[in-house]
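Residue numbers (the numbering used here), protein chains in the order written: chain A, 1 to 236; chain B, 1001 to 1236. Note that CB positions come from ideal geometry on N, CA and C, so glycine has one too.
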DNA sequence: CGGACGTTTGAGGAACATCAAAGCCTGTGG
DNA sequence: CCACAGGCTTTGATGTTCCTCAAACGTCCG
């Protein structure tokens, strides 16, 4: 793992205060005064696609706020297969389980070129004792975890393979905020949906044939309402 | 919904302080002084099998600590199918998402005769502002949610139907703390594992034939190590 | 006792996994 | 700049698993 240190996001001055995604992120509710309680620098790290941020069972001393890109949380099964259990996007917190003095539960791997802020656990714990502003945000972030888990379980692992792929595309568009986004590899989509990459490929081919999806390089553009309609027709 | 009020678990005296599952539950870290901050009574409710504790999208004003029995969290899909996304056992918190001023995310239904404590949201919020002891426990409970979600996604929705059934049986034994436990209905097991009740039935029949599972009335007794072995053999 | 509901068992068929081979991009080094 | 290697994607043929539909059986409750 050769993470690149981009810069020191907070250095005693006001890097964090001015962070462009701070409102959504862990420190979103902190006041100017709260920031004065910080005494360790916060590093900003760059990851290229495929790089690992941390491994499951690693002793954890940091959590990471995602600033850009996308991080997958991966679980490996005894037989070597793997399964993606969550996707983290800007504002999300990777390694949140470390706040409980537990080792990381999954592997965190960048799916695209990504940037994260590395926040020391002790920093978070100290801050949490000295100001009540953090606990609320933490609860919101945990809630997000539950929400995602529910979507995953309720929509992405149920029904015919076609429905799963379509629901994933809609989910990706939702989280990206637009109908154009970086498409995960076929294998990754399979690991999200619990189907094989071949089935993913066949379904995507069919959707392209119907003009509901266009792909170009790493990007996909989807016809959102068309896909929603497609779901309803197949369901009945 | 006709929940039965069993009694007032906390009445200004020390019902909660002496609660036999308090250590694991929401108030586990509170001190005697913290309890003095409570000013609303906490009700203990009884549910019979099949009764609903709350519905998804209900405006939430309570969270519930499970005292006995088992509660399932259920999501309904547009086509009327349903999916169980989590099982709650004694010590777990139902409706935890309400702490974020959100409506409930799923339906909560008792699978067996169960008992829960009804805790007012405002109570939790007030307590959270006045003592730091709650936040830690909350984090631990959220962590539990994530943990369960990972197990669900990583083990119960992947692989052949037989493996899923066996993993569920092992999971139920783990959470029960012994190899004898109340077996969910075939339909519920199917809704957990994303397979049909017929497939569940066939698999269970086969496991019984092999002497790895015995059922009696609502109870099941499993050969834990035998099932673990069974998993390894099938895997390869 | 009879009805409703859950479980069991069977037969048939569809959907998906598996295996295999060919095609296509990407990046690398000559 | 082009050629080539590697990985990822696509497409096909085959087989198995599991879903679907259906009927019989068992059990719990009125």
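Cross-chain neighbours of residue 1097/B in chain A, by beta carbon under 7 Å
By 1-based counting over the second chain, the position of residue 1097/B is 97. Contact note: residue 1097/B reaches chain A through 143 and 146, using a C-beta cutoff of 7 Å and chain order.
Selection of the stretch 1077-1104 of chain B by Cβ proximity to chain A, strictly under 8 Å:
From the stretch 1077-1104 of chain B, only 1077, 1078, 1079, 1081, 1083, 1085, 1096, 1097, 1099, 1100 and 1102 have a Cβ closer than 8 Å to chain A.
Would you mind working out which of 1147/B, 1020/B, 1223/B and 1161/B sits nearest residue 1209/B, comparing C-alpha positions?
Along the second chain, read from residue 1 onward, the residue named residue 1209/B stands at position 209. Minimum Cα distance to residue 1209/B is reached at 1223/B.
Since residue 1107/B is in the beta strand (DSSP E), which residue starts that stretch and which ends it?
Numbered from its first residue, the second chain carries residue 1107/B at position 107. First-last of the beta strand (DSSP E) with residue 1107/B: 1107-1110.
Quick check: what's the CA-CA separation for residue 90/A versus residue 186/A?
Looking up residue 90/A in the first chain gives position 90. Looking up residue 186/A in the first chain gives position 186. Distance between the alpha carbons of residue 90/A and residue 186/A is about 23 Å.
Tell me the DSSP bridge mates of residue 117/A?
Taking the first residue of the first chain as 1, we reach residue 117/A at position 117. The beta-bridge partner set that DSSP reports for residue 117/A consists of 44/A and 65/A.
Can you confirm whether the stretch 118-125 of chain A touches the stretch 1122-1131 of chain B when touching is taken to mean that 3 or more C-beta pairs between the two stretches lie within less than 8 Å?
No, because fewer than three Cβ pairs between the stretch 1122-1131 of chain B and the stretch 118-125 of chain A fall closer than 8 Å, the two stretches do not touch.
If we define contact as Cβ-Cβ less than 9 Å, is residue 113/A a contact residue for chain B?
Indexing the first chain from 1 puts residue 113/A at position 113. When Cβ-Cβ separations below 9 Å define contact, residue 113/A makes no contact with chain B.
Determine the chain B residues that contact residue 233/A at a beta-carbon separation under 8 Å, and present them in chain order.
Residue mapping note: residue 233/A aligns to position 233 of the first chain, counting from 1. Residues of chain B whose Cβ lies closer than 8 Å to the Cβ of residue 233/A do not exist, since the nearest Cβ in that chain is about 12 Å away.
Comparing alpha-carbon positions, which option in 177/A, 227/A and 118/A lies nearest residue 261/A?
No answer is possible for residue 261/A: the residues shown for chain A start at 1 and end at 236.
Just checking: is the beta-carbon of residue 1184/B within a distance shorter than 9 Å of some beta-carbon in chain A?
Taking the first residue of the second chain as 1, we reach residue 1184/B at position 184. Closer than 9 Å: no.
For a contact meaning CB atoms closer than 9 Å, what does residue 132/A contact in chain B?
Position 132 of the first chain holds residue 132/A. Per Cβ cutoff of 9 Å: 1128, 1129, 1132 and 1135.
Where does residue 1020/B fall in DSSP's three states?
Counting from 1 along the second chain, the entry for residue 1020/B is found at position 20. Looking at residue 1020/B - three-state DSSP - the assignment turns out to be coil, as it is neither helix nor strand.
Taking DSSP as the reference, what is the three-state secondary structure of residue 11/A?
Numbered from its first residue, the first chain carries residue 11/A at position 11. Confidence at residue 11/A is low in this model, with a pLDDT of 48, below 50, so its placement is unreliable and no value can be given for it.
Local Cβ density within 10 Å of residue 1039/B, reported as buried at 16 or more and exposed below that:
As a working mapping, residue 1039/B is identified with position 39 in the second chain. In summary, residue 1039/B is exposed, with fewer than 16 beta-carbon neighbours lying within 10 Å of its beta-carbon over all protein chains present.
Selection from 1110/B, 1227/B, 1137/B and 1060/B that minimises the alpha carbon distance to residue 1101/B:
Taking the first residue of the second chain as 1, we reach residue 1101/B at position 101. Looking from the CA of residue 1101/B, the closest CA among 1110/B, 1227/B, 1137/B and 1060/B belongs to 1060/B.
Quick check on the burial criterion: 16 or more other C-beta atoms within 10 angstroms. Buried or exposed for residue 184/A?
Locating residue 184/A in the first chain gives position 184, where the first residue counts as 1. With 16 or more other Cβ atoms within 10 Å, it is buried.
Terminal residues of the alpha helix (DSSP H) in which residue 1187/B lies:
Indexing the second chain from 1 puts residue 1187/B at position 187. 1186-1193 is the extent of the alpha helix (DSSP H) around residue 1187/B.
Do the stretch 214-221 of chain A and the stretch 152-165 of chain A meet, that is, are 3 or more Cβ pairs less than 8 Å apart?
The stretch 214-221 of chain A is not in contact with the stretch 152-165 of chain A.
Mind checking if residue 1026/B is an interface residue toward chain A, Cβ cutoff 9 Å exclusive?
If you number the second chain from 1, residue 1026/B lands on position 26. Judged by the 9 Å Cβ criterion, residue 1026/B is not in contact with chain A.
Where residue 1140/B meets chain A, residues with beta-carbon distance less than 9 Å:
Mapped onto the second chain, residue 1140/B falls at position 140. The answer, in chain order, is 100.
Report the residue ranges of all beta strand (DSSP E) runs contained in full by the stretch 69-104 of chain A; include only those spanning at least 3 residues, in chain order.
DSSP runs (the beta strand (DSSP E)) wholly in the stretch 69-104 of chain A: 71-76 and 82-88.
Start and end residues, beta strand (DSSP E) containing residue 157/A
For the purposes of this step, residue 157/A is identified with residue 157 of the first chain, where counting begins at 1. That residue, residue 157/A, is in no beta strand (DSSP E); it is neither H nor E in DSSP.
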